[in-house]
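Novice:
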Amino acid sequence: LVDAGYEIDFVSPKGGNPSYYGNTPDDKVNERFLADEYYQNKIQNTMTPSEVNPDEYVGILYAGGHGTMWDFADNEELAVIAQKIYEKNGIVSAVCHGPAGLVNIKLSNGKYLVDGKKINAFTNEEEAAVKLDEVVPFRLESKLIERGAKFEKSGLWQTHVAVDERVVTGQNPQSAHAVGEAVLEELKKLQ
Numbered sequence: 001l002v003d004a005g006y007e008i009d010f011v012s013p014k015g016g017n018p019s020y021y022g023n024t025p026d027d028k029v030n031e032r033f034l035a036d037e038y039y040q041n042k043i044q045n046t047m048t049p050s051e052v053n054p055d056e057y058v059g060i061l062y063a064g065g066h067g068t069m070w071d072f073a074d075n076e077e078l079a080v081i082a083q084k085i086y087e088k089n090g091i092v093s094a095v096c097h098g099p100a101g102l103v104n105i106k107l108s109n110g111k112y113l114v115d116g117k118k119i120n121a122f123t124n125e126e127e128a129a130v131k132l133d134e135v136v137p138f139r140l141e142s143k144l145i146e147r148g149a150k151f152e153k154s155g156l157w158q159t160h161v162a163v164d165e166r167v168v169t170g171q172n173p174q175s176a177h178a179v180g181e182a183v184l185e186e187l188k189k190l191q
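Final position of the sequence shown in UniProt numbering is 191; the numbers increase by one with none missing.
#1: Whole angstroms are fine: how far does the CA of Lys-106 sit from the CA of Glu-181?
#2: With distances taken between CB atoms, is the gap from Arg-147 to Val-95 smaller than 7 Å?
#3: Is the separation between the beta-carbon of Lys-118 and that of Lys-150 shorter than 7 Å?
#4: Between the segment 52–61 and the segment 86–102, do three or more beta carbon pairs fall short of 8 Å?
#5: What number of angstroms, rounded off, separates the C-alpha of Val-163 from the C-alpha of Asn-89?
#6: Return the CA-CA distance between Gly-5 and Leu-187, expressed in angstroms with no decimal places.
#7: Does the separation of the CB atoms of Gly-170 and Val-179 fall below 7 Å?
#8: Examine the Cβ distances between the segment 73–91 and the segment 120–130 and report whether three or more of them are shorter than 8 Å.
#9: Would Gly-110 be called buried (16 or more neighbouring beta carbons within 10 Å of its own) or exposed?
#10: At a cut-off of 6 Å, would you count Leu-187 as near the ligand ZN, judging by its Cβ distance to the nearest heavy atom?
#11: By the three-class DSSP mapping on this structure, what secondary structure does Leu-132 have?
#12: Among Asp-27, Lys-28, Thr-46, which has the Cα closest to the Cα of Pro-18?
#13: Given a threshold of 16 other Cβ atoms within 10 Å of its Cβ, counted over all protein chains shown, does Lys-131 qualify as buried or as exposed?
#14: As a quick exercise: from Glu-51, Asp-71, Ser-108, pick the residue whose alpha carbon is nearest that of Gln-83.
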């Protein structure tokens, strides 16, 4: 996205320097951001949701990680930001556990954002495989289906991206790069 001319901001529920994990040495995109002083400053000093003006953004990405199951699902400020971006024809995207941020987004018409859309996320089977299915506050796949999503999935740890009406979701960490590519394709359609 940066190479295509998009500016990226980082937001976390409390702002500041969020904890994160999952950086792998062979992930060139992560390495690029971690080696870039400008983006490293942005990552270490994330904005709070109250500092975000949704009118200034064409998209939002909910990153993954198990912590998002607690941090994103009931975060009303983040939900409102995503709802406003989506309703002004922007892109809402998420990968792995990031779709936890989508489960409670309601549109102006009262329907859930995911209702009737092809969506995917970390699956119930993947959660069981990592033995955290009894730890997380809810099973993400089940909650999305409960909200009306047409849940799609591939096998364990397989790349899978769903794109439907400017909502882009990826199943797991292996899907992250493909989500970025799909978001870029959706943004091109808006120009």
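Ideal placement from N, C-alpha and C gives every residue a C-beta, glycine not left out.
Note that the coordinates shown come from a computational prediction; the quantities given were computed from them, not determined experimentally.
Specialist: With the structure as the only source:
#1: 26 Å
#2: no
#3: yes
#4: yes
#5: Rounded to whole angstroms, Val-163 to Asn-89 spans 14 Å at the Cα level.
#6: 11 Å
#7: yes
#8: no
#9: The residue is exposed, with fewer than 16 neighbouring Cβ atoms inside 10 Å.
#10: This structure lacks the ligand ZN, and indeed carries no ligand of any kind.
#11: coil
#12: Thr-46
#13: exposed
#14: Ser-108
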